[in-house]
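In this note's numbering, the protein residues as written are 36 to 217.
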Amino acid sequence: MRSAAARKQPEAAGQYDAAVERRVEYLRSVSLFDEIAADHDALYYFASIMEDRAYEPGVDILTEGSASSEMFILMTGTASVFKKTPEGDAFRVAILKSEAHAFFGEGGLIHDEVKTATITSDTACHCLVLSRKAFQDFGDRHPEWALPFYRRIAASVLTRLRKANDDMMVLYKALVSEIRGH
36 MRSAAARKQP EAAGQYDAAV ERRVEYLRSV SLFDEIAADH DALYYFASIM
86 EDRAYEPGVD ILTEGSASSE MFILMTGTAS VFKKTPEGDA FRVAILKSEA
136 HAFFGEGGLI HDEVKTATIT SDTACHCLVL SRKAFQDFGD RHPEWALPFY
186 RRIAASVLTR LRKANDDMMV LYKALVSEIR GH
């Protein structure tokens, strides 16, 4: 068995682990990795610092209101995104599918983010999990690979913010229309 240093330094090791290679191939199709998808060593390094986690159906992967310092990439399975209503009821707002190369929790890589939704596994799910500590260590060692990843995180967060703003305007218009009796 190779040392941890060899697993995390593929360019120095000259060999690649087959399980990590499978992760690399999957990461190539995840939009967060678009800018480094052609760089095998960068993807290999990312893949080698991620943890595998399996979830049975019906398990909360993330819980709304809790803090998290991890990002999740859904490799297999389907999960639902739930938001709490003002009455405290869970309302499904989205379905995440591994075929769509879904990821969530990326804000936790940057700061202690309080989760804005609950992610619940609908089927058995397998996730790759990247911790903030591993990501920060990665960024310190390889800023040339971390910077493009940060840009993709920023773009993802902005897209989600734009969608939330659009959704809020739709709700506002519906409320105004209801008040005016239209």
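Each residue gets a CB set at the ideal place from its N, CA and C atoms; glycine is no exception.
Residue pairing for Val164: DSSP places it in a beta bridge opposite Glu86, Phe107. Met106 is positioned such that its CB atom lies no closer than 7 Å to that of Leu62.
Under the 10 Å beta carbon count, Gly93 is surrounded by fewer than 16 other beta carbons and is classified as exposed. About 5 Å separates the beta carbons of His136 and Val65, which is inside the 8 Å limit, making them a contact pair.
Judged by DSSP secondary structure, Thr153 falls within the beta strand (DSSP E) whose first and last residues are 153 to 156. For Ser103, the closest C-alpha among the options Phe68, Thr151, Leu78 is that of Thr151. Contact fails between the stretch 201 to 214 and the stretch 159 to 171, because fewer than three Cβ pairs, one in each stretch, are under 8 Å apart. Per DSSP, the unbroken beta strand (DSSP E) holding Phe117 starts and ends at 113 to 119. For Gly112 and Thr153, the gap between their C-alpha atoms comes out near 16 Å. A straight-line Cα-Cα distance of about 23 Å links Ser115 and Arg187. The distance from the Cβ of Met85 to that of Val164 is about 6 Å, consistent with a contact at the 8 Å cut-off.
Residue pairing for Ala129: DSSP places it in a beta bridge opposite Val116.
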